[in-house]
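Residues in the sequence shown are numbered consecutively from 429, following my numbering. Before any comments, here is the structure.
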Amino acid sequence: MGYSAVDQEAINTIRLLAVDATIKCNSGHPGAPMGMAPVAHVLFNKIMNFNPKSSSWINRDRFVLSYSNLISFRNGHGCMLQYALLHLAGFKLSIDDIKDFRKIGSLTPGHPESHETDGVEVTTGPLGQGFSNAVGLAIAQQHAAGLYNKPDFELFNNYTFTFLGDGCMMEGVASEAASLAGHLQLGNLIAIYDDNGISIDGNVNCTLTEDVVKRFEAYGWHTLTIEDGDNNLEAIEAAIRECQSVKNKPSMIKLRTTIGFGSLLAGTHNVHGSPLKPDDAKQLKAKFGFDPEQSFVVRQSVYDLYNKRGAEGAAREQEWCKLFEKYCSTHESEAKDLKRRLSGELPEGWEKNLPTYSAKDPAIATRKLSETVLQKIYSSVPELVGGSADLTGSNLTRWKEAVDFQPPSLGIGNWSGRYIRYGVREHAMGAIMNGLAAYGLFIPYAGTFLNFVSYASGAVRLSALSQVRTIWVATHDSIGLGEDGPTHQPIEVLAHFRALPNCMVWRPADGNEVSAAYYVALTSKNTPSILALSRQNLPQLENSSIGNAIKGGYVACEDENADITIVSSGSEVGICIESVKYLKEHHNLRARVVSIPCFEVFDAQSKEYRLSVIPDGIPSLSVEVMSTLGWERYSHEQFGLNRFGASGAYLDVYKKIGSLTPGHPESHETDGVEVTTGPLGQGFSNAVGLAIAQQHAAGLYNKPDFELFNNYTFTFLGDGCMMEGVASEAASLAGHLQLGNLIAIYDDNGISIDGNVNCTLTEDVVKRFEAYGWHTLTIEDGDNNLEAIEAAIRECQSVKNKPSMIKLRTTIGFGSLLAGTHNVHGSPLKPDDAKQLKAKFGFDPEQSFVVRQSVYDLYNKRGAEGAAREQEWCKLFEKYCSTHESEAKDLKRRLSGELPEGWEKNLPTYSAKDPAIATRKLSETVLQKIYSSVPELVGGSADLTGSNLTRWKEAVDFQPPSLGIGNWSGRYIRYGVREHAMGAIMNGLAAYGLFIPYAGTFLNFVSYASGAVRLSALSQVRTIWVATHDSIGLGEDGPTHQPIEVLAHFRALPNCMVWRPADGNEVSAAYYVALTSKNTPSILALSRQNLPQLENSSIGNAIKGGYVACEDENADITIVSSGSEVGICIESVKYLKEHHNLRARVVSIPCFEVFDAQSKEYRLSVIPDGIPSLSVEVMSTLGWERYSHEQFGLNRFGASGAYLDVYKVKQAFIPYMKASNKGFTEVRVYTRGYIQACLGYG
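Shown next, in the form of structure tokens:
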């Protein structure tokens, strides 16, 4: 250890490169690189082993910039730190690349991308992803060591280092990953937490007051704290080296730094998100001993220092290569396998093990067929590393001989085990798979229900962008899953991921298609795959084969004289084939059937092949029991399920939708159910929302002697909820908000679906909740000790300044012969067991559904007591009305569910003469205009207030009064970087009944809250997402943030209004419809860039969801569009006429859901039959086939650069060039009436 003046010079060079780069591009985030430069220098120049001239050396140490630190590295914003380090270290990144930071085509995009930049291990960006990737890299190294290391041959001993901040600490995905890493005892993982105390919204204390160190200790991590991260290089190095010596725990170093160190704005949030001012930059350079007038200066002494370290790394690689040479001579088999994996090639002939089937083979569920594939190929493809999110027995992802990847000390597996028990941590599972894949030796796959792949949207998206090979075994793929009901039936999920560029979504119909899906998934090195698999048995098809299915679509049942082509996927293909005979016999219609198991692969085939499968000349009908969004690409008419399913036996669900006793509680179906839960963690997070609502109501209406609101929210949760990231987010926020009216009872029964919970959860849950700021109690005998249970609850009720958690030790299946085992979960008791249980409890073993009158009497007595309490409350409220008339009148109106009379008169209107304004700014104007006339609006943001513009000027924060930064009556919630919990909490707020919650984040990150948004729609509650930065127009942040697929995702969700307004009147219309639609959530996708006000727009037009924005009665073409592209399309009208003699009319469709609800006559007046139509939207084109014959959009990822440059490079800024000489005679134009006539219905 020892540091010289050159080390300090190097640190200051790193700082100033970040300053200069952000100034030059007039964008970016210099604050965190300035604060974290010392530890980064120590890590790269003293600790890490790597060879910059051989960046793929397998035993190199890995560095991952997960950095959010809210302000510091929100979503990788501090990437200039990494770029500066890579340049100095000698990777393929020149000083000119540094100067081109955030420019189109540069190697230094706005967030690090592993496929673009040498030395970047994984593509990060969204918060928590990089940290979770790092856990995957550490697992990969530990697994490689378990496979290949031998006595005297330590081939794999590298470390994974990751930087993270407060934002990552709040994101649920990082909580999931940290918990699993602690369980797995990953001693090769070292996380450095930049504790600079600042968030984008200001001081981090406005949203995060938990004890982070204590929480990580509860996970099972080794922890250290360094108070002076700005200067104490020796302490930093000593801490890292201590962590390297801890072999049985991952380590976290809490490093106190000053954001923007040296700047005049140091230590404030003003140093984040924009370059330093010129005067500040000059004084900083002078302070550090640099010429204030020069930029991008790297002195030779600094290069020499880093070149020396690079040479040391090259020498270490040479040593490793010599060791490997010796290894090859003594361990030939392992060496041969390792060499092959390093080459990236699969074992020769592995595909011969894929099973094949004939139509004579029995009907089998495709999840079971998937299990057969895995059983057949696991030994011939040893790089496969499997797992499941605690659903192994349902996903069937574990081959019989599999050994678990577990720390040997637990005695339930070892490091060479190839099966990972991820626990109920879907999002971390996806991100960890990305890290595993990025390591280079493994092909990770993992299972969950298809519906819950959406929980991992952020990770799946980065798989696709990063071009890594991961495989999701996504079972229970439709309403065919049956009794679990609509909370689990994935109506919109396939559309979501089909819209994601570079993602293969397979929905196989039989065994050969399953084998084909695995073949293509395993041989596609740069593409993730999702295999959507059935729970129910499906027949083997006559014409299927692996050879046919690997094309993504083929003719499953041919008829050369067919009147109609029926296209389908998965479980419906067999049904369609059965219908062929029925159609011929009963309707004299001859039909052919096409199976399209994978859109992505089918669309990549030649035009000739695609037309041979779905030919021109005859109408086509698609059949899939999901959202029909996207099937318009292949069919003229679509038959599907654009509504939620139902709970019941799967055949009954197929026949009829509807039930009063769903498989999971649904608030809109069943009296007494407060919120619709189902997916784990949602109910707990809803409970936090209900508690916030009560506390806010008390703040608004309670007066001395008038305690109108003093209710509690109680919630039961288990180990699954404890693992889900959404619950971690909600628990942290609840602790910060000191919600003394919230009491959670944790059922600690020690059992998970996959067996004993110790196989995946060994953290100290009580300690973790204490770290969040909760009051905790433990009851050892939850089976019998009723007095202790009551006393504990009453103690919790007496704690007014903290939420409470009671850990209750129970026996699962109490009284059953299977009590205390996972065999009692997920299936009914055997008859004999049920009978002995009834006898044991003093009931007649032969009788069922017995409720004795004494039990009814007991509960009726309690009901009567509750009715009396309500009467007391009503009397109190009567007195309240006479003394607090204004508040009482407001409360009565809210209880009626009606908005204030005339509130809509405050909505702003615009004319075409008004200036161009970003729709996020127009949204801010609406909120400023209506906040006082709609007092039930409760706003918030996921730490992006200044970007989302969601806070009106006079707003007061909802905060505990003890913090001195708000009060209980405040109407603005600082959610922190907790998007998923934010969505679920909004559901609870809405369910309470007095409030209309809205909250902001970037559109891309609404997908992080997929589970919550889905339950908003299913629950029929009114929530509003202010989703800004809605397209590639957000610019420099690049493809990690540009939401190509998100609109398609939520447009496919039933009962969800997705608005993408083009101007001010459309923004006002969106708010009008959102606020007046009591039973529907809304997402407002808003632009960062300025948009013009349109000539023909009005609130009256826009509330119909679509209207003619530019008319021409003699038009040759209709251009349909939304949002920022509408103005561009209107500009193109003149160009088309002058340059191509094409007359065009332009239609704006700000909301599919609302437009589709209009009359057929109105819709045909807006988009008439008889002329071709072209859609223009710089997103996935999925769904626009509904309104246009040709689609122009962005079915690939965007780029990092100034937004106009991104538009130009991606050919989206000038759509009229695409429209020119279109050759519309090739467009298949079928009027709706003609298609219906051909199909034989009206």
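Virtual Cβ for every residue (Gly too), placed ideally from N, Cα, C. Since we're looking at a predicted model, the values are computed, not measured.
Separation of residue j from residue i, as counted between CA atoms
| i | j | result |
| --- | --- | --- |
| Asp1385 | Ala1455 | 20 angstroms |
| Leu1667 | Gln1586 | Below a pLDDT of 50, predicted positions are generally treated as unreliable, and Leu1667, at 35, falls in that range; no measurement from the model is reported. |
| Ser808 | Arg1450 | 52 angstroms |
| Asn862 | Lys1588 | 46 angstroms |
| Ile1642 | Tyr1338 | Note that Ile1642 has pLDDT 33, beneath the 50 cutoff, so the model's placement of it is unreliable and no number is given. |
| Asp1548 | Lys1562 | Per the sequence presented here, residue 1548 reads as Val, with Asp not at that position. Cα-Cα distance, rounded: 16 angstroms. |
| Arg1061 | Val1582 | 21 angstroms |
| Leu444 | Ala1440 | 42 angstroms |
| Pro1259 | Gly1270 | 17 angstroms |
| Leu704 | Gly695 | 14 angstroms |
| Lys1235 | Thr637 | 23 angstroms |
| Ser844 | Tyr850 | 16 angstroms |
| Pro1328 | Ile1527 | 19 angstroms |
| Glu1524 | Cys1538 | The amino acid occupying residue 1524 in the given sequence is Asn; Glu does not appear at that position. One C-alpha to the other measures close to 7 angstroms. |
| Tyr1174 | Ala1158 | 15 angstroms |
| Met598 | Ala856 | 14 angstroms |
| Ser1276 | Lys1263 | 10 angstroms |
| Ile439 | Leu661 | 11 angstroms |
Distance cut-off 7 angstroms: residue i Cβ against heavy atoms of the ligand HEM
| i | result |
| --- | --- |
| Ala714 | The ligand content of the structure shown is nil, which means the ligand HEM is not present either. |
Counterpart residues of residue i in DSSP-defined beta bridges
| i | result |
| --- | --- |
| Val1574 | Cys1538, Ile1547 |
| Ala1346 | Asn1518 |
| Gly1002 | Its beta-bridge partners do not exist; DSSP assigns none. |
| Lys1506 | Answer by DSSP bridge pairing: none, since Lys1506 is not bridged. |
| Leu652 | Ile681 |
| Ser702 | According to DSSP, Ser702 bridges with nothing at all. |
Beta strand (DSSP E) segment containing residue i, residue limits
| i | result |
| --- | --- |
| Cys985 | 982 to 985 |
| Gly564 | No beta strand (DSSP E) holds Gly564; the alpha helix (DSSP H) holding it covers 557 to 576. |
| Arg1237 | 1232 to 1237 |
| Ala977 | Element bounds for Ala977: not the beta strand (DSSP E) but the alpha helix (DSSP H), 974 to 977. |
| Glu1065 | 1065 to 1067 |
| Gly1428 | 1424 to 1430 |
Three-state secondary structure (DSSP) of residue i
| i | result |
| --- | --- |
| Ser1587 | coil |
| Arg1479 | helix |
| Ile1085 | With a pLDDT of 42 at Ile1085, under the threshold of 50, the modelled position of this residue cannot be trusted; read the value that follows with caution. Ile1085 falls in the coil class under three-state DSSP. |
| His1164 | helix |
| Tyr1436 | helix |
| Val965 | Note that residue 965 is Asn in the sequence shown here, rather than Val. The answer is strand: DSSP assigns Asn965 an E or B state. |
| Met1054 | coil |
| Ile1511 | strand |
| Thr1672 | Since the first residue of the chain shown is 429 and the last is 1670, residue 1672 is not available in this structure. |
| Thr383 | Residue 383 falls outside the range modelled here, since the chain spans only 429 to 1670, and no answer is possible. |
First through last residue of the alpha helix (DSSP H) which encompasses residue i
| i | result |
| --- | --- |
| Glu1690 | Because the chain here runs from 429 to 1670, residue 1690 falls outside it and cannot be looked at. |
| Trp485 | Looking at the DSSP string, Trp485 is not in any alpha helix (DSSP H), and its letter there is neither H nor E. |
| Leu1017 | No alpha helix (DSSP H) holds Leu1017; DSSP gives it neither H nor E. |
| Arg769 | 760 to 771 |
| Pro461 | 459 to 470 |
CB contact check: residue i to chain D, cutoff 8 angstroms
| i | result |
| --- | --- |
| Thr915 | This model lacks chain D altogether, as it is built from one protein chain only. |
Inter-stretch contact (C-beta, 8 angstroms, three-pair minimum) for the region 1028 to 1035 and the region 991 to 1004: no
>> Is it the case that the region 1481 to 1492 contacts the region 1306 to 1320, given that we only count it when at least three CB pairs across the two stretches are under 8 angstroms?
In response: no
Open item on the list: Taking contact to mean 3 or more Cβ pairs, one atom from each stretch, closer than 8 angstroms, check whether the region 1178 to 1193 and the region 1133 to 1149 are in contact.
Closed with: yes
Hey, is the region 462 to 481 in contact with the region 525 to 540, meaning 3+ C-beta pairs nearer than 8 angstroms? Judged by pairs of C-beta atoms under 8 angstroms, the region 462 to 481 does not touch the region 525 to 540, as fewer than three such pairs exist.
- Query: With a cut-off of 8 angstroms, do at least 3 Cβ pairs link the region 968 to 982 to the region 823 to 832?
  - Reply: no
Worksheet item: Any chance the region 1410 to 1420 sits against the region 546 to 562, with 3 or more Cβ pairs inside 8 angstroms?
Response: Two segments are said to touch when three or more pairs of C-beta atoms, one from each, lie closer than 8 angstroms; by this definition the region 1410 to 1420 does not touch the region 546 to 562.
State whether the region 584 to 596 contacts the region 615 to 623, with contact taken as three or more CB pairs (one from each stretch) at a distance under 8 angstroms.
-> yes
Cβ pair count under 8 angstroms reaching 3, the region 915 to 928 against the region 1015 to 1025: no
The region 883 to 898 / the region 954 to 964 touching (three or more Cβ pairs under 8 angstroms) = yes
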